[in-house]
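Notes to accompany the following structure.
Number of protein chains: 2
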Amino acid sequence: MIIAILGGTGPEGSGLGLRWAAAEHTIIIGSRLAEKGQGVAKELKTISPESDISGTDNLSAAHEADVVVLAVPYGAQQPTLAHVKEALTGKLVITVVAPVGKPAARVYRLPSGLSAAEEAREQLGENARIVAAFQNISAHHLADIDYHLDCDVLICGDSKDDKQQVISLCEDAGLRGINAGALQNASVVEGLTSLLIGINIRHRVKAAGIRITGI
Amino acid sequence: MIIAILGGTGPEGSGLGLRWAAAEHTIIIGSRLAEKGQGVAKELKTISPESDISGTDNLSAAHEADVVVLAVPYGAQQPTLAHVKEALTGKLVITVVAPVGKPAARVYRLPSGLSAAEEAREQLGENARIVAAFQNISAHHLADIDYHLDCDVLICGDSKDDKQQVISLCEDAGLRGINAGALQNASVVEGLTSLLIGINIRHRVKAAGIRITGI
């Protein structure tokens, strides 16, 4: 699969990219500036020379991909989607975006009353294939592709088939994906990121995560 | 400690009551009707004859207690608090309330935009000592006091001392309590209940829970 990671120059996006590249996917690191995307792709190739990773601007990345991952900070979500919207038609869009407030350890309620994932769908239109996932995965050990990540991925979306595809991508990244219901539920998963940041701070750790038990 | 459990006739409240009674606390099961509270207390005494468990109406229970646990359905939160408000002054109030929508597997956003826990504080006034906890603990195995519950309790509140007291009560119930930040964060923990209900349904289990990893 060809996977574009918009905002893939950040630690979360590039870590996921490395893991998916190791699972034989073709990765395109998108950035606002093509040179920045190319630069990070080059660095990732140094870590993992056999991998199929390239870099370019967000719009070109989205055009070339089968699956598009939105891994920008919340503040960049709206302009990034406006920029690449035409390239997303019919494609699975996975949003990793988790708005964090100030202080980051407090859940940030968006003025819209929605989750960032639902705001993305409103912007892209009802036919957009949006799935929210990976917001709670600490970037800390992500780039160390042999590191066993002790956490689950909660997956929210309104299409069972699309969520199933994301569950497979979780497996490819060494993670367990769990169907967590409708896209609306993404507000809880996005909020959990703030709780985990607070737990990291209080416990002086870098990668608190969650596991679902009893299943 | 004398612990009143308002709405303690339900499975969540009575399960917690049994576990705390086994840890030598005095438990008062509160109900809208004193006879109902007494009836459930009698049943719990049959399960655990040595325990100090009695039952009465919610207001009397709150008056007699050091710590008051609010374990009513969300729809009964406002009237119950209005009824017992005078008895809560200066006391630690632990709210277990998690609003669930229809269908229950979808997160329910309260029209106020707040969590149920923050609505409770608004109703009781800024000096109320409210801590939100136990919303994600399935009642299914709670009454089986020897059963090891494989899940954590996320604890939200604005007083560190009060949260510490709830962490101790978690230990008394055989659970690990984790400081999850400000009371505002309770909206995430309350919402998680809906996600866990959905996971229970999809996996055909009765007690999905969460664990915090990496700490």
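Note that the protein sequences, when read in sequence, are chains A and B.
Counted from 1, the first sequence has number 28 at position 35 by the numbering used here; the numbering is strictly sequential.
Counted from 1, the second sequence has number 5 at position 12 by the numbering used here; the numbering is strictly sequential.
Backbone N, C-alpha and C define an ideal beta-carbon position, used for all residues, glycine too.
The model shown is predicted, which means the values in this text are computed figures rather than measured ones.
query = What's the gap between the Cα of Leu188 (chain B) and the Cα of Trp13 (chain A)?
reply = Sequence index remark: in the second sequence, residue 188 (chain B) carries index 195 (1-based). Sequence index remark: in the first sequence, residue 13 (chain A) carries index 20 (1-based). Going by C-alpha positions, Leu188 (chain B) is about 27 Å away from Trp13 (chain A).
message = Strictly under 8 Å for the Cβ-Cβ distance: is Cys144 (chain A) near chain B by that measure?
response = By one-based count along the first sequence, residue 144 (chain A) stands at place 151. Yes, Cys144 (chain A) counts as interfacial toward chain B.
key: Near-chain B residues of the segment 117 to 137 of chain A - C-beta to any C-beta below 8 Å   = Residues of the segment 117 to 137 of chain A whose Cβ lies closer than 8 Å to any Cβ of chain B, in chain order: Ser131.
query = Using a Cβ-Cβ cut-off of 7 Å (strictly less than) and excluding sequence neighbours within five positions of Gly3 (chain A), which residues of its own chain qualify?
reply = For the purposes of this step, residue 3 (chain A) is taken as the residue at position 10 of the first sequence. The residues are Ala64.
inquiry  = Can you pull out the residues from the segment 90 to 111 of chain A whose beta carbon lies closer than 8 Å to at least one beta carbon of chain B?
reply    = Of all residues in the segment 90 to 111 of chain A, Ala98, Arg99, Val100, Arg102, Gly106 have a Cβ within less than 8 Å of some Cβ in chain B.
inquiry  = Give the list of continuous beta strand (DSSP E) stretches no shorter than 3 residues that lie fully inside the segment 136 to 175 of chain A.
reply    = Taking only runs of at least 3 residues, the beta strand (DSSP E) segments lying wholly in the segment 136 to 175 of chain A are 145 to 150, 169 to 172.
inquiry  = Would Leu(-1) (chain B) and Val61 (chain B) qualify as a contact pair, given that the criterion is a beta-carbon distance under 8 Å?
reply    = Counting from one through the second sequence, the residue named residue -1 (chain B) turns up at place 6. Counting from one through the second sequence, the residue named residue 61 (chain B) turns up at place 68. In terms of Cβ geometry, Leu(-1) (chain B) and Val61 (chain B) form a close pair [threshold 8 Å].
message = For Ser105 (chain B), report the span of its beta strand (DSSP E) as first-last.
response = Here residue 105 (chain B) refers to the residue found at position 112 when the second sequence is read from its first residue. DSSP places Ser105 (chain B) outside any beta strand (DSSP E), giving it a letter other than H or E.
query = What do you reckon, are the CB atoms on Ser44 (chain B) and Ile22 (chain B) nearer than 8 Å?
reply = The residue given as residue 44 (chain B) occupies position 51 in the second sequence. The residue given as residue 22 (chain B) occupies position 29 in the second sequence. Cβ distance not < 8 Å, so Ser44 (chain B) and Ile22 (chain B) don't count as in contact.
ask   = So is Thr19 (chain A) in contact with chain B if we call contact Cβ pairs under 8 Å?
value = Locating residue 19 (chain A) in the first sequence gives position 26, where the first residue counts as 1. Not one chain B Cβ lies under 8 Å of Thr19 (chain A).
task = Just the C-alpha distance for Asp59 (chain A) and Ala201 (chain B), rounded to the nearest angstrom, thanks.
result = On the first sequence, residue 59 (chain A) is found 66 positions in, with the first residue counted as 1. On the second sequence, residue 201 (chain B) is found 208 positions in, with the first residue counted as 1. Here the alpha carbon of Asp59 (chain A) sits roughly 34 Å from the alpha carbon of Ala201 (chain B).
ask   = Looking at the unbroken beta strand (DSSP E) that takes in Ser47 (chain B), where does it start and where does it end?
value = Taking the second sequence and counting its residues from 1, the one referred to as residue 47 (chain B) is at position 54. Looking at the DSSP string, the run of the beta strand (DSSP E) that includes Ser47 (chain B) is 46 to 50.
inquiry  = With distance defined between alpha-carbon atoms, name the residue in A:Ser161, A:Ala91, A:Cys144 nearest to His18 (chain A).
reply    = Here residue 18 (chain A) refers to the residue found at position 25 when the first sequence is read from its first residue. Ranking the options by Cα distance to His18 (chain A), first place goes to A:Ser161.
query = For Gly207 (chain A), which residues of its own chain have a beta-carbon under 6 Å away from its beta-carbon, when the five flanking residues on both sides are left out?
reply = Here residue 207 (chain A) corresponds to residue number 214 of the first sequence, with the count starting at 1. So no residue of the chain qualifies.
key: Asn172 (chain B): contacting residues in chain A (beta-carbon distance under 7 Å)   = Indexing the second sequence from 1 puts residue 172 (chain B) at position 179. Per Cβ cutoff of 7 Å: Arg195.
task = Let me know if Lys156 (chain B) comes out buried or exposed under the rule of 16 or more other beta-carbons within 10 Å of its beta-carbon.
result = Mapped onto the second sequence, residue 156 (chain B) falls at position 163. Result: buried.
request  = Tell me whether Glu183 (chain A) is buried or exposed, calling it buried when 16 or more other Cβ atoms sit within 10 Å of its Cβ.
outcome  = Numbered from its first residue, the first sequence carries residue 183 (chain A) at position 190. Buried, by the Cβ-count rule.
task = Give a yes or no on whether the minimum CB-CB distance between Val198 (chain A) and chain B is below 8 Å.
result = Counted from its first residue, the first sequence places residue 198 (chain A) at position 205. So yes, Val198 (chain A) belongs to the interface.
query = Taking buried to mean at least 16 other C-beta atoms within 10 Å of its own C-beta, is Gly1 (chain B) buried or exposed?
reply = Position 8 of the second sequence, counted from the start, is the residue given in the question as residue 1 (chain B). Burial call: buried.
Opening and closing residue of the beta strand (DSSP E) in which Val211 (chain A) lies = Absent from the model: residue 211 (chain A). The displayed extent of chain A is -6 to 208, so no value can be given.
Within-8 Å CB hit, Val181 (chain A) to chain B = Against the first sequence, residue 181 (chain A) aligns to sequence position 188. Interface residue (Cβ-Cβ distance to chain B less than 8 Å): Val181 (chain A) is classified as such.
Beta strand (DSSP E) runs contained entirely in the segment 51 to 103 of chain A, provided each spans 3 or more residues = If we require 3 residues or more, the beta strand (DSSP E) runs fully inside the segment 51 to 103 of chain A come out as 60 to 63, 85 to 88.
Neighbour-count burial assignment, Thr39 (chain A), 16 or more Cβ in a 10 Å radius = Counting from one through the first sequence, the residue named residue 39 (chain A) turns up at place 46. By the 10 Å Cβ count, Thr39 (chain A) comes out exposed.
task = Just tell me which of A:Gly10, A:Ser24, A:Val181 has its CA closest to the CA of Leu107 (chain A).
result = As a first step, residue 107 (chain A) must be located in the first sequence, where it is residue number 114. Cα-wise, what sits closest to Leu107 (chain A) is A:Val181.
key: Touch test, the segment 64 to 84 of chain B against the segment 147 to 155 of chain A, Cβ-Cβ under 8 Å, three pairs minimum   = Segments in contact, no.
request  = Taking only the alpha-carbon atoms, compute the straight-line gap between Arg99 (chain B) and Gln128 (chain B) and give it to the nearest angstrom.
outcome  = Locating residue 99 (chain B) in the second sequence gives position 106, where the first residue counts as 1. Locating residue 128 (chain B) in the second sequence gives position 135, where the first residue counts as 1. Across the structure, Arg99 (chain B) and Gln128 (chain B) are spaced so that their CA atoms are roughly 15 Å apart.
message = Can you give me the C-alpha to C-alpha distance between Ala110 (chain B) and Thr88 (chain B), rounded to a whole angstrom?
response = The count along the second sequence starts at 1 and reaches residue 110 (chain B) at position 117. The count along the second sequence starts at 1 and reaches residue 88 (chain B) at position 95. CA-CA distance, Ala110 (chain B) to Thr88 (chain B), rounds to 7 Å.
request  = May I have the straight-line CA-CA distance separating Ile(-4) (chain B) from Ile190 (chain A), to the nearest angstrom?
outcome  = Translated into the one-based positions of the second sequence, residue -4 (chain B) becomes position 3. Translated into the one-based positions of the first sequence, residue 190 (chain A) becomes position 197. So the alpha carbons of these two residues sit roughly 32 Å apart.
ask   = Buried or exposed: Ser105 (chain A), going by 16 or more other Cβ atoms within 10 Å of its Cβ?
value = In the first sequence, the residue the question calls residue 105 (chain A) occupies position 112. Counting Cβ neighbours within 10 Å, Ser105 (chain A) comes out exposed, since fewer than 16 surround it.
query = Sorted by chain position, which residues of the same chain lie with C-beta nearer than 8 Å to Leu103 (chain B)'s C-beta, five sequence neighbours on each side aside?
reply = Residue numbering aside, residue 103 (chain B) sits at position 110 when the second sequence is read from its first letter. Cβ within range, chain order: Pro92, Ala109, Glu112.
inquiry  = Is there a C-beta anywhere in chain A that falls below 8 Å from the one on Gly184 (chain B)?
reply    = Within the second sequence, residue 184 (chain B) is the residue found at index 191, counting from 1. Closer than 8 Å: yes.
Contacts of Ser187 (chain A) in chain B (Cβ-Cβ under 9 Å) = Position 194 of the first sequence, counting from 1, holds the residue named residue 187 (chain A). Within chain B, the residues near Ser187 (chain A) are Gly174, Asn178, Val181.
message = 8 Å is my cut-off, CB to CB: does Ile168 (chain B) come that close to chain A?
response = Looking up residue 168 (chain B) in the second sequence gives position 175. It is worth fixing the name first, because residue 168 (chain B) is Leu in this sequence and not Ile. No, its Cβ sits nowhere closer than 8 Å to a Cβ of chain A.
query = Between the Cα of Ala16 (chain A) and the Cα atoms of A:Ser41, A:Leu26, A:Val33, which residue gives the shortest distance?
reply = Indexing the first sequence from 1 puts residue 16 (chain A) at position 23. Comparing Cα-Cα distances from Ala16 (chain A) to each of A:Ser41, A:Leu26, A:Val33, the minimum goes to A:Ser41.
task = Check the Cβ of Leu85 (chain B) against every Cβ in chain A and list those closer than 9 Å, keeping chain order.
result = To locate residue 85 (chain B), count along the second sequence from 1; it is residue 92. Contact annotation for Leu85 (chain B) against chain A: no contact, minimum CB-CB distance about 21 Å [criterion: below 9 Å].
task = Could you give the DSSP three-state label for Ile24 (chain A): helix, strand or coil?
result = Looking up residue 24 (chain A) in the first sequence gives position 31. The amino acid at residue 24 (chain A) is misidentified as Ile; the sequence shows Ser. It is a strand residue.
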